Every structure is written in C-alpha cells, then in structure tokens.
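Novice:
Number of protein chains: 2
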Amino acid sequence: MLTVIKIGGNIVDNPDALDSFLADFSKIEGSKILVHGGGKVATKVSKALGIEAQMIDGRRVTDAETVKVVTMVYAGLVNKTIVSKLQALDCNALGLSGADANVIRSHKRIVKDIDYGFVGDVDEVNASFLTTVLEQGVQPVMAPITHDKEGLLLNTNADTIASTVAVAMSQVMETQLIYCFELEGVMRDINDKDSVISQITPSEYKELKEEGVIVAGMIPKMDNCFDAISQGVSKVRIAHASDLKAILSEGVEKGTTLQA
Amino acid sequence: MLTVIKIGGNIVDNPDALDSFLADFSKIEGSKILVHGGGKVATKVSKALGIEAQMIDGRRVTDAETVKVVTMVYAGLVNKTIVSKLQALDCNALGLSGADANVIRSHKRIVKDIDYGFVGDVDEVNASFLTTVLEQGVQPVMAPITHDKEGLLLNTNADTIASTVAVAMSQVMETQLIYCFELEGVMRDINDKDSVISQITPSEYKELKEEGVIVAGMIPKMDNCFDAISQGVSKVRIAHASDLKAILSEGVEKGTTLQA
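From first to last, the protein sequence lines stand for chains A and B.
Just so we're aligned: 88 in the working numbering is position 76 of the first sequence, and the numbers increase by one with no gaps anywhere.
Just so we're aligned: 212 in the working numbering is position 200 of the second sequence, and the numbers increase by one with no gaps anywhere.
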C-alpha cells in the first residue's frame with residue numbers, strides 16, 4: 013500500500029507541528045509520498061525583494077518575479093528542510109519539483125477571466141520514475157512547483173498535485189490519499205470539534221454544498237478528493253495532521269473519509 | 013563513460029552563457045552529472061532580507077540565516093532553473109541537494125582558527141543511488157548544499173562536490189571530470205590566451221605553485237583535481253565552458269589536462 017499525504021502551509025510554517033508530523037510520517041509502514049504546500053516565507057521574501065503580492069479570489073497571482081521566489085522557497089528552503097529532517101529520522105527522502113525527472117508536467121493556466129500568471133495545471137505524472145524511486149526504499153517529497161517541459165517553472169496547487177499523483181500511482185499499486193489540514197475533518201459546525209462528518213458520498217457532498225456546510229476553499233479541496241476516489245485511489249481522507257499516527261498506526265477512524 | 017561537469021557561479025549568473033552551456037551539456041553522449049555553483053543571487057536575496065554577507069579569506073561565512081538563503085537560491089531557484097531548461101532540451105535532469113536520497117553526507121566544518129559556520133566538509137557520496145538514477149537515463153544536477161544526516165543543511169564547495177562525486181562514481185564506472193570556468197585553462201600568463209598549459213603532472217603542479225603561476229583560489233581547485241585523478245577518475249580537465257562542445261563532441265584538445 014502506498015500512502016500519499018499532503019500537508020499545508022500551516023504545518024510548514026510551524027516548526028513544532030512540522031517536526032511532530034515528520035516523526036509520524038517517518039514511521040508510516042510501506043511506501044509513502046509527501047506533498048507539501050508553501051507557507052508564508054514566500055510572502056516575506058517577496059516583500060523584502062519589493063515584489064507586491066497580488067491575490068485574486070484568495071489565489072496568489074504569480075508574476076515572473078514571484079515564480080522565482082516560490083521556486084526558491086517551496087522547492088528550495090521548504091523542500092530541503094523537510095528532506096533533511098526526514099533523513100535525520102532515517103527516512104530516505106528525495107525532494108522533487110515537477111521538473112525533476114519530469115515528474116509532473118503541466119501547462120501555464122489558460123487565461124479566461126483572470127490571468128493567474130505562472131500557474132500550472134497538471135497534465136501528466138511520471139509514475140514510472142516515482143515507482144523506481146519507491147522500489148529503492150526512497151520516499152519522494154514533492155514541492156508545489158511544476159514545469160511545462162518547455163523551460164517554464166509553474167506555481168501549482170499542492171492539493172491538485174497530491175490527487176493527481178495519487179491517481180497516477182493507483183494505476184501501479186494500491187494507493188491511499190490523506191489530506192492533513194488544520195481541522196479535525198469536514199465539520200458540520202466549524203466551532204464544534206464533535207461535528208466531524210466521518211464519511212461523505214458524492215450525493216452527500218452535493219447536499220452539503222447546497223446547505224452551505226462546505227464552502228469556499230473547501231470546495232476545490234473536496235473536488236480533488238472525489239476526483240481521486242473516482243479514478244482509482246482506494247481511500248481518500250481529510251484529517252488533522254496530529255491524528256495521522258492514530259489513523260495509520262493504531263487504525264483509529266478519525267477525520268472524514270470520502271466514498272465513491 | 014560517465015562525464016562529471018562542474019560549472020561556477022559566473023555561468024549561472026549569465027543567462028546566455030548558461031543557455032549555451034546547457035545546450036552543449038544536453039548533447040554529451042552517455043551518462044553525465046552536472047554540479048553547479050551558486051552565483052550572485054544569494055547575495056542579492058541576503059541583502060534584501062537584511063543579512064550582512066561575511067567573507068573570510070574569500071570564503072563566505074555561512075550563519076544560520078545565510079544557510080537558509082543559499083538553500084533557497086542554490087537548491088531552489090538555480091537548481092530548478094537548470095533542471096527545467098535541461099528538460100526543455102530533452103535531457104531528463106534530476107535536481108539534487110546532498111540531502112536528497114542522502115546523496116552527499118557531510119559534517120559541519122570543525123572550528124580551528126576560523127568558524128565558517130554552516131559549511132559542510134564531505135564525508136560520503138551515495139554512488140549507489142546515483143548509479144540507479146543514471147541507469148534510468150536520468151542525469152543528476154547537483155546543488156552545492158549537503159547535509160549531515162542529523163538535520164543540518166550545509167553550504168558546500170561545488171568544486172569539492174564535483175571531485176568527490178567523480179571519485180565515488182569512478183569505483184562503479186569509468187569517469188571523467190571537467191571543471192568549466194571563465195578561462196581557457198590554467199595559464200602561464202593570465203593576459204595571454206595562448207599561454208594555456210595543456211598538461212600538468214603533480215611535480216609540475218608543485219613547480220608552478222613555487223613559481224607563483226598557480227596562486228590563491230586556483231590552489232584548492234587544483235588540489236581537488238589531483239585528488240580526483242589519484243583516486244580513480246580517468247581524466248580531469250580544466251577548460252572554458254564554451255570549449256566543452258569542441259572537447260567532447262569533436263575530440264579537440266583544449267584546456268588543461270591533469271595527469272597522474
């Protein structure tokens with residue numbers, strides 16, 4: 013069983029949470045792939061370099077200077093920090109951007125209403141290279157930067173990378189996907205930890221959107237989840253990073269499981 | 013035959029020289045490994061972040077903040093820019109820091125007279141992983157950042173990385189090493205392009221140092237070269253990057269060849 017795990021910028025930005033997560037990640041049995049988000053360092057570096065952060069609908073617009081900064085921070089500092097910490101935990105990690113070994117080829121997002129700039133939409137995952145690496149006992153750690161194989165580096169949504177990688181790998185081996193985030197799962201009431209919805213089917217998802225329980229940034233995340241489950245990933249879950257150990261090592265059912 | 017090539021910061025900093033070099037590199041027959049230096053972007057980013065660059069004897073002193081910057085710039089921006097450009101040239105490049113797949117383990121330089129900070133002295137190269145990668149038709153591109161396998165990332169001399177990688181790989185396959193730099197080779201008179209010394213033996217090297225022909229920064233570079241040739245690398249050469257094509261594709265003898 014291959015486990016693909018995605019962590020967001022909130023874990024990347026918090027050294028204690030990151031260390032705790034990586035200790036749990038390093039102990040997962042079998043093959044595993046980590047996909048990480050960016051975090052706030054990119055904004056700090058951009059500001060210092062005098063680059064104005066531009067946001068449209070909560071999404072960063074990536075101009076030519078910003079894609080350099082996110083390449084530095086995500087594929088450089090964040091990725092190598094995670095890799096070196098995992099190495100210290102005897103987890104043989106290999107950091108990858110999508111350009112490395114052509115692992116994720118994407119295209120620059122086509123401009124419709126909004127020009128997001130140097131943002132990539134994923135076309136193809138090199139499952140063959142990832143399989144070879146996993147067979148060596150090496151665990152890929154993927155940064156949210158891809159390329160178009162024509163020389164452009166592209167800022168790419170980490171949730172999408174996680175689901176497309178999981179789908180591609182599910183053609184080769186049994187694959188589960190876990191999105192770790194800052195909540196206990198999908199909740200009916202964001203202020204009530206006991207309101208986690210343990211399982212959601214596509215028709216329930218539709219209802220939850222209509223009821224306004226699932227809104228805004230959760231919608232593309234859930235769409236990624238259902239894409240994965242409908243395309244061969246055997247289990248997709250959304251859970252708090254601190255519940256990873258209980259879920260994977262102790263078989264405790266926590267978080268929200270998406271169902272086909 | 014494996015060809016290990018090192019390029020310095022002067023090529024990394026010059027987009028036209030870099031593109032031209034990468035076009036030549038992509039056409040080299042057989043397996044190849046590229047080791048790159050850092051370039052000046054790290055200094056620019058450090059300045060913008062308010063980190064003072066500290067130099068002792070022409071070597072950057074790497075404090076805790078500076079090692080973050082060089083990790084960003086060398087293992088992030090520079091490495092991924094090179095990898096994506098090579099991918100566009102149909103060269104299946106894989107960017108690596110020393111932490112990735114534990115490719116280069118080093119230790120933080122022991123403080124004698126000078127504390128260089130987070131600078132790594134190389135202990136071990138993972139030739140087995142590099143061999144597996146090369147067998148997949150994938151070409152490693154190595155940034156001058158290593159790790160101590162205890163969680164520290166360390167700024168590491170790219171010349172040393174190139175020679176230790178070449179030595180380690182020479183135990184597995186026939187390996188040649190080429191240092192590309194900004195001159196035509198080792199020259200008797202730096203102002204006379206026709207004064208390139210085509211071959212140097214260890215005893216001639218000793219004489220050239222005594223005569224003051226080889227001085228300063230060239231001495232550690234030459235020491236790296238002779239280390240490599242005495243430890244199994246079949247050919248070591250110092251040449252101008254623009255002569256690479258003539259040397260490798262056309263068999264023209266250019267630059268300086270070091271002899272055992």
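From the three backbone atoms N, C-alpha and C, an ideal C-beta is built for every residue, glycine too.
All of these numbers come straight from a predicted model, not from anything done at the bench.
(1) CA-CA distance, V95 of chain B and S32 of chain A?
(2) Three Cβ pairs or more, each shorter than 8 Å: is that satisfied between the segment 46 to 64 of chain B and the segment 160 to 175 of chain B?
(3) What residues in its chain sit with their C-beta under 6 Å from that of S175 of chain B, if we drop five residues either side in the sequence?
(4) Answer with yes or no whether the minimum CB distance from Q211 of chain B to chain A is below 7 Å.
(5) Three-state secondary structure (DSSP) at K247 of chain B?
(6) Can you find a CB in chain A that lies within less than 7 Å of the CB of E196 of chain B?
(7) Using the rule of at least 16 other Cβ atoms within 10 Å of the residue's Cβ for burial, across every protein chain shown, is Q211 of chain B buried or exposed?
(8) In chain order, what residues of the segment 164 to 177 of chain A put their CB closer than 8 Å to some CB of chain B?
(9) Exposed or buried, which one is D206 of chain A when buried takes at least 16 other CB atoms within 10 Å?
(10) With H, G and I counted as helix, E and B as strand and the rest as coil, what does DSSP make of P156 of chain B?
(11) Round the Cβ separation of A253 of chain B and I23 of chain B to the nearest angstrom and send it over; I've been treating them as touching at under 8 Å.
(12) In the structure shown, what three-state DSSP assignment does D239 of chain A receive?
(13) For N104 of chain B, return the contacting residues in chain A, with the cut-off set at a CB-CB distance below 7 Å.
(14) Please list the terminal residues of the continuous alpha helix (DSSP H) segment that includes I23 of chain B.
(15) Beta-carbon of S96 of chain A versus every beta-carbon of chain B: anything under 7 Å?
(16) Please confirm whether L101 of chain A and S43 of chain A have their CB atoms less than 7 Å apart.
(17) Which residues, in chain order, does the segment 71 to 87 of chain A contribute to contact with chain B at a C-beta distance below 8 Å?
(18) In this structure, how does DSSP classify V179 of chain B when only helix, strand and coil are distinguished?
(19) Report buried or exposed for M84 of chain A, applying the criterion of at least 16 other Cβ atoms within 10 angstroms of its Cβ.
(20) Thinking C-beta only, is C192 of chain A closer than 7 Å to I19 of chain A?
(21) Give me the Cβ distance between R200 of chain B and V227 of chain B, rounded to the nearest whole Å; I'm assuming they're in contact under 8 Å.
(22) May I have the straight-line CA-CA distance separating E162 of chain B from S118 of chain B, to the nearest angstrom?
(23) Using only the alpha-carbon positions, how far apart do G197 of chain A and V184 of chain A sit?
(24) Whole angstroms are fine: how far does the CA of I40 of chain A sit from the CA of L260 of chain A?
(25) Using the C-alpha atoms, what's the distance from A111 of chain A back to L142 of chain A?
(26) Mind checking if L89 of chain B is an interface residue toward chain A, Cβ cutoff 7 Å exclusive?
(27) Does chain A have any CB closer than 7 Å to the CB of A60 of chain B?
(28) Fully enclosed by the segment 64 to 101 of chain A, which alpha helix (DSSP H) runs are 4 residues long or longer?
(29) Distance cutoff 7 Å, beta carbons only. Does E162 of chain B sit that close to anything in chain A?
(30) Is there a Cβ from chain A that is less than 7 Å from the Cβ of T3 of chain B?
(31) Report the partner residues of E136 of chain B according to the DSSP bridge assignment.
(32) What is the DSSP secondary structure of Y217 of chain A, reduced to helix, strand or coil?
(33) Around the Cβ of T213 of chain A, are there at least 16 other Cβ atoms within 10 angstroms (buried) or fewer (exposed)?
(34) Taking all protein chains shown into account, decide if M13 of chain B is buried (16 or more other Cβ within 10 angstroms of its Cβ) or exposed.
(35) Return yes when the Cβ of F130 of chain A is within less than 7 Å of the Cβ of T74 of chain A, no when it is not.
(36) On a Cα-Cα basis, can you pick out the residue from A:T78, A:V208, A:T187 and A:T55 that is closest to G267 of chain A?
Specialist: In this structure, then:
(1) The residue labelled residue 95 of chain B in the question sits at position 83 within the second sequence. The residue labelled residue 32 of chain A in the question sits at position 20 within the first sequence. Roughly 32 Å between the two C-alpha positions.
(2) yes
(3) Translated into the one-based positions of the second sequence, residue 175 of chain B becomes position 163. Excluding positions up to five away in sequence, the list reads N236, D239 and A240.
(4) Residue 211 of chain B sits at position 199 when you count from the first residue of the second sequence. Chain A, which has no Cβ nearer than 7 Å to the Cβ of Q211 of chain B, makes this no.
(5) Start at 1 with the first residue of the second sequence, and residue 247 of chain B comes out as number 235. Strand at K247 of chain B.
(6) Residue 196 of chain B sits at position 184 when you count from the first residue of the second sequence. Chain A, which has no Cβ nearer than 7 Å to the Cβ of E196 of chain B, makes this no.
(7) The residue you call residue 211 of chain B lines up with position 199 of the second sequence. The residue is exposed, with fewer than 16 neighbouring Cβ atoms inside 10 Å.
(8) L164 and L165
(9) Residue mapping note: residue 206 of chain A aligns to position 194 of the first sequence, counting from 1. The residue in question, D206 of chain A, is exposed, as its Cβ has fewer than 16 Cβ neighbours within 10 Å.
(10) Reading the second sequence from its first residue, position 144 is the one you call residue 156 of chain B. It is coil, neither helix nor strand.
(11) The residue labelled residue 253 of chain B in the question sits at position 241 within the second sequence. The residue labelled residue 23 of chain B in the question sits at position 11 within the second sequence. Yes, they are in contact, since the Cβ atoms of A253 of chain B and I23 of chain B sit about 5 Å apart, within 8 Å.
(12) Start at 1 with the first residue of the first sequence, and residue 239 of chain A comes out as number 227. If DSSP states are grouped into helix, strand and coil, D239 of chain A belongs with the helices.
(13) As a first step, residue 104 of chain B must be located in the second sequence, where it is residue number 92. Simply A113 and N114.
(14) As a first step, residue 23 of chain B is located in the second sequence; it is residue number 11 there, counting from the start. Residues G21 to V24.
(15) For the purposes of this step, residue 96 of chain A is identified with residue 84 of the first sequence, where counting begins at 1. By this cut-off, S96 of chain A is an interface position.
(16) Position 89 of the first sequence, counted from the start, is the residue given in the question as residue 101 of chain A. Position 31 of the first sequence, counted from the start, is the residue given in the question as residue 43 of chain A. No, the pair does not count as a contact, with Cβ atoms beyond the cut-off.
(17) K80, T83, M84, V85, Y86 and A87
(18) For this step, residue 179 of chain B is matched to residue 167 along the second sequence. Helix, per DSSP.
(19) Counting from 1 along the first sequence, the entry for residue 84 of chain A is found at position 72. With 16 or more Cβ atoms within 10 Å of its Cβ, M84 of chain A is classed as buried.
(20) Taking the first residue of the first sequence as position 1, residue 19 of chain A is located at position 7. Taking the first residue of the first sequence as position 1, residue 192 of chain A is located at position 180. Yes, they are a contact pair.
(21) In the second sequence, the residue the question calls residue 200 of chain B occupies position 188. In the second sequence, the residue the question calls residue 227 of chain B occupies position 215. The pair is not a contact, with the Cβ atoms about 12 Å apart (cut-off 8 Å).
(22) For this step, residue 162 of chain B is matched to residue 150 along the second sequence. For this step, residue 118 of chain B is matched to residue 106 along the second sequence. The straight-line gap from Cα to Cα measures roughly 10 Å.
(23) Residue mapping note: residue 197 of chain A aligns to position 185 of the first sequence, counting from 1. Residue mapping note: residue 184 of chain A aligns to position 172 of the first sequence, counting from 1. Taking the straight line joining both Cα atoms gives about 28 Å.
(24) Here residue 260 of chain A corresponds to residue number 248 of the first sequence, with the count starting at 1. Here residue 40 of chain A corresponds to residue number 28 of the first sequence, with the count starting at 1. Distance between the alpha carbons of L260 of chain A and I40 of chain A: 7 Å.
(25) The sequence position of residue 142 of chain A within the first sequence is 130, counting from 1. The sequence position of residue 111 of chain A within the first sequence is 99, counting from 1. L142 of chain A and A111 of chain A: Cα-Cα distance of roughly 13 Å.
(26) Within the second sequence, residue 89 of chain B is the residue found at index 77, counting from 1. Yes, contact with chain A.
(27) In the second sequence, residue 60 of chain B corresponds to position 48, counting from 1. Yes, contact with chain A.
(28) 76 to 82 and 91 to 100
(29) For this step, residue 162 of chain B is matched to residue 150 along the second sequence. Yes, E162 of chain B lies at the interface with chain A (some Cβ there is under 7 Å from its Cβ).
(30) Nothing can be reported for residue 3 of chain B, as the shown portion of chain B is limited to 13 through 272.
(31) Stepping through the second sequence from its first residue, residue 136 of chain B is reached at position 124. DSSP lists B:R117 as partners of E136 of chain B.
(32) If you number the first sequence from 1, residue 217 of chain A lands on position 205. Correct three-state label for Y217 of chain A: helix.
(33) Stepping through the first sequence from its first residue, residue 213 of chain A is reached at position 201. Burial call: exposed.
(34) Counted from its first residue, the second sequence places residue 13 of chain B at position 1. It counts as exposed.
(35) Reading the first sequence from its first residue, position 62 is the one you call residue 74 of chain A. Reading the first sequence from its first residue, position 118 is the one you call residue 130 of chain A. Yes, they are a contact pair.
(36) Start at 1 with the first residue of the first sequence, and residue 267 of chain A comes out as number 255. Residue A:V208 is the option with its Cα nearest to G267 of chain A.
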